[in-house]
Amino acid sequence: MDECCCYVGLAIVEDEKELVNVLLKLFEKYGISVCFIAYDGRDALLNFTRCDPKPHIVLMDYRLPTMNGIEVMKEILKVDPFTKIIFLSADDTIRTEAIDSGATAFLQKPASLKEISDEIKKVLKRFPYIKVFKPL
252 MDECCCYVGL
262 AIVEDEKELV
272 NVLLKLFEKY
282 GISVCFIAYD
292 GRDALLNFTR
302 CDPKPHIVLM
312 DYRLPTMNGI
322 EVMKEILKVD
332 PFTKIIFLSA
342 DDTIRTEAID
352 SGATAFLQKP
362 ASLKEISDEI
372 KKVLKRFPYI
382 KVFKPL
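Mind the numbering: the sequence shown is residues 252 to 387 in our numbering, read in order.
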C-alpha cells in the first residue's frame, strides 16, 4: 500500500503587493503551491472557507484592511484548527497576542526570505506527512 502524503499548500494574506510578488517567486522556486492570496481580512476568510483542500500554512500580516490578522486567524482556526499561521508583521507589539491566539510563529518585518523559508521548514518538520516538491 502506498504511503499517503499531501503536498504543502500555503496561503498569503498580505496587503503589500510587492511582498506578495517576492513570496510567490520564492514558493515557485521550491514548487510550493499557493492556494490563494488575499489582500484584506474579509477576502482571506472568504477564500479560506472556499478553498479545498485547505492550505497547511497561512502567512498572515497583522495590519489589513477590513479585519486585522489576529481576528482573521481566530476565524480561520475555528474552521480548521490544524492550520498553521505564521505572522509577518512590522508591529512587534502584537507578538505575544498573536502567539497566545494561536499563531505558530511570528516574524517581524522586514523578514528575509531565508527567515521565512526557515520558519516554513520548522513547521514542515513537525508534520512529516506534508511533502514539498523540491527541498526547501
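Built from N, CA and C at the ideal position, the CB exists for glycine as well.
Small disclaimer: the values here were computed from a predicted structure and weren't measured.
{"Item": "Neighbourhood of N319 by C-beta distance below 8 Å, restricted to the same chain and skipping five residues each side", "Value": "G292, Y313"}
{"Item": "Buried/exposed call for V309, threshold 16 Cβ in 10 Å", "Value": "buried"}
{"Item": "Neighbourhood of K268 by C-beta, 8 Å cutoff - its chain only, sequence neighbours within 5 removed", "Value": "Y290"}
{"Item": "Identity of the residue in K325, I337, S352 nearest L261 by Cα", "Value": "I337"}
{"Item": "Spatially closest choice to L315 from I288, R301, F333, P304, by CA coordinates", "Value": "I288"}
{"Item": "Host beta strand (DSSP E) of A289 (start-end)", "Value": "284 to 289"}
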